[in-house]
Amino acid sequence: MAETPTQSSDLPTGNERVTAAGRRVIVLVFTVLFLDGYDTTSLGFVVPSLAREWGLAPAAFTPALVATNVGVVIGYLLCGAMAARFGRRNVIVAGTTLFAAGSALTVLADGIPQMTVIRLVTALGLGVVLPTSISLAADHAPRTRRGMVTVGVTLALSVGAMAGGLLGGRLITGFGWTSVFWLGALLPLAMLPALHWGLPRTDRVPSAKVPGRRATRATVVTLLSRGVAASTVLLWAFAFLAFTTAFALQAWLPTLLTTGYGLAPAQAPLGSAVLGFGGVAGGILLAALAARFGVPRCLVVSVLLGALFLIGAGLVSSVTPGLFLTLAAAGAGITAGVIGQAALAVTLYEPAARTPGIAWAAAFGRLGSIAGPAAVGALVAAGLTGQRVLLLTVVPLALAGAVAVILTARIRRTPT
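Going by our numbering, the residue at position 104 of the sequence shown is 1040; the numbering climbs one at a time, nothing skipped.
Right, here's the structure in full:
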């Protein structure tokens, strides 16, 4: 019989130090989520150059950008059952293989319909990897450091996006747009042996208890059971709103900088790099401050500050150092919100419900990541300036801050 995470001898048992096996798992998870973040954002910073090469308006790529997020949502919803049946290591390896293959196939696309289908399939792999990896890392961290570890490994998504933004322009200029996706395929393929041999083989998701019922595999019913239902709904709402703004910018910021601020297409990936750099800084601050002030309070402050700096970026009329600094500060607040919802899920749910808890919160977030890019695509097609679009993306972020205030008050009244 396979071991459960609570039975594994590799896991912390009251010790506040991370074991050697735990460190290995955390490093591997961080690396695979780094590649996940790179691949998720790759199409966004390729769009300005690809639109020029194909002779299309940037808004024509909206279906492909939205399909990426649709596939990720499907992957999120599937990963809980898959992890329970096949084990988290196998799910992570399979998902990594799928998104690597999809990235390679992207270079074969010669039109929007083909690219849309390929990105949908690629995103299925991206989707099953994220919640599964986060829950595995959390289970290999001591209880007092679990929030910090969760924030740290989730931060890899922003680091990957930042790396893509920094490398994207050089790759496109030197080797063409296909090089972005070749790199996104080769790196995860090279990592597969390390994932196969380095992640625990005997991992299985344990059973969960729902009041009044026998122990069973955790499902959405567990997340909506008495005692956590209201917090679950608030978490889902927060994730939806925060992701709406985050992924609208992730998909369209390079294009907004070319249409609204006059940046050249080859330089457009700098927008993703700046946003990602700010996100990394915000994630590090969140990890450092959450242990002292708690994740909920930190989320309230970070999201509201992100909204204020995003307003500032929307009021700038040209490309200046101040614009990039403002975008970096906005990225810090926005990314802290995106990362923080996963940390909240880890603290709200028992270990058995952790993978589906993270997955469902991220799935509602990804519904926002579908709505955000789709809405901004419509705004770009309607001819709104980049500045005007940036100001409109503040609305869901400000609402996320309001939800965070309510959730924080509830958590303080009902400790979990």
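Built from N, CA and C at the ideal position, the CB exists for glycine as well.
Check: Enumerate in chain order the residues of its own chain whose CB-to-CB distance from Ile1347 is below 6 Å, with the five nearest sequence positions on each side excluded.; Outcome: Pro1232
Check: Specify the secondary structure class of Arg1024 as computed by DSSP and reduced to three states.; Outcome: helix
Check: In its own chain, which residues sit with a C-beta less than 6 Å from the C-beta of Cys1234, not counting the 5 before and 5 after it?; Outcome: Leu1222, Leu1225, Ala1226
Check: Select from Ala1278, Ala1297, Leu1177 the residue whose C-alpha is nearest the C-alpha of Leu1240.; Outcome: Leu1177
Check: Around the Cβ of Arg959, are there at least 16 other Cβ atoms within 10 angstroms (buried) or fewer (exposed)?; Outcome: exposed
Check: Cα separation between Val1216 and Leu1091?; Outcome: 6 Å
Check: List, from N- to C-terminal side, the alpha helix (DSSP H) runs of 4 residues or more that fit wholly inside the segment 1204-1246.; Outcome: 1205-1229
Check: Between which residues of its own chain and Arg1149 is the CB-CB distance below 7 Å, once the five residues before and five after are set aside?; Outcome: Any answer about Arg1149 is weak, because its pLDDT of 45 lies below 50 and its placement is not dependable; what the coordinates show is given next. Nothing meets the Cβ criterion.
Check: Please state the DSSP three-state secondary structure of Asp1046.; Outcome: coil
Check: So, with DSSP's three-state summary, where would you put Glu989?; Outcome: helix
Check: What are the start and end residues of the alpha helix (DSSP H) that includes Val1274?; Outcome: 1257-1284
Check: Are Leu1062 and Asp972 close, meaning C-beta to C-beta below 7 Å?; Outcome: yes
Check: Of the choices Thr1291, Val1252, Ala1279, Thr1181, whose alpha-carbon is the least far from that of Ile1270?; Outcome: Thr1181
Check: May I ask which residues mark the beginning and end of the alpha helix (DSSP H) holding Ser1167?; Outcome: 1165-1196
Check: Going by beta-carbon coordinates alone, are Gly1207 and Leu1189 separated by less than 7 Å?; Outcome: yes
Check: With respect to the alpha helix (DSSP H) encompassing Arg1081, which residues constitute its N-terminal and C-terminal limits?; Outcome: Run containing Arg1081: none; DSSP gives neither H nor E here.
Check: Within its chain, find whatever has a CB closer than 7 Å to the CB of Thr1344; leave out the 5 residues flanking it on each side and keep chain order.; Outcome: Pro1232, Arg1233, Val1236
Check: Rounded to whole angstroms, what's the CA-CA distance from Gly1319 to Gly1101? Just pull it up for me.; Outcome: 25 Å
Check: Beta-carbon separation of Leu1060 and Gly1007 under 7 Å?; Outcome: yes
Check: In whole angstroms, what separates the C-alpha of Thr1321 from that of Thr1195?; Outcome: 7 Å
Check: Taking only the alpha-carbon atoms, compute the straight-line gap between Ile1048 and Pro1129 and give it to the nearest angstrom.; Outcome: 34 Å
Check: Run the CB neighbour count on Val1331, radius 10 Å, all protein chains shown included, and call it buried at 16 or more, exposed below.; Outcome: exposed
Check: Just how far apart, CA to CA, sit Thr1004 and Phe966?; Outcome: 21 Å
Check: Any idea if Trp1296 is buried or exposed, counting beta-carbon neighbours within 10 angstroms, 16 or more meaning buried?; Outcome: buried
Check: Rounded to whole angstroms, what's the CA-CA distance from Trp990 to Val1274? Just pull it up for me.; Outcome: 33 Å
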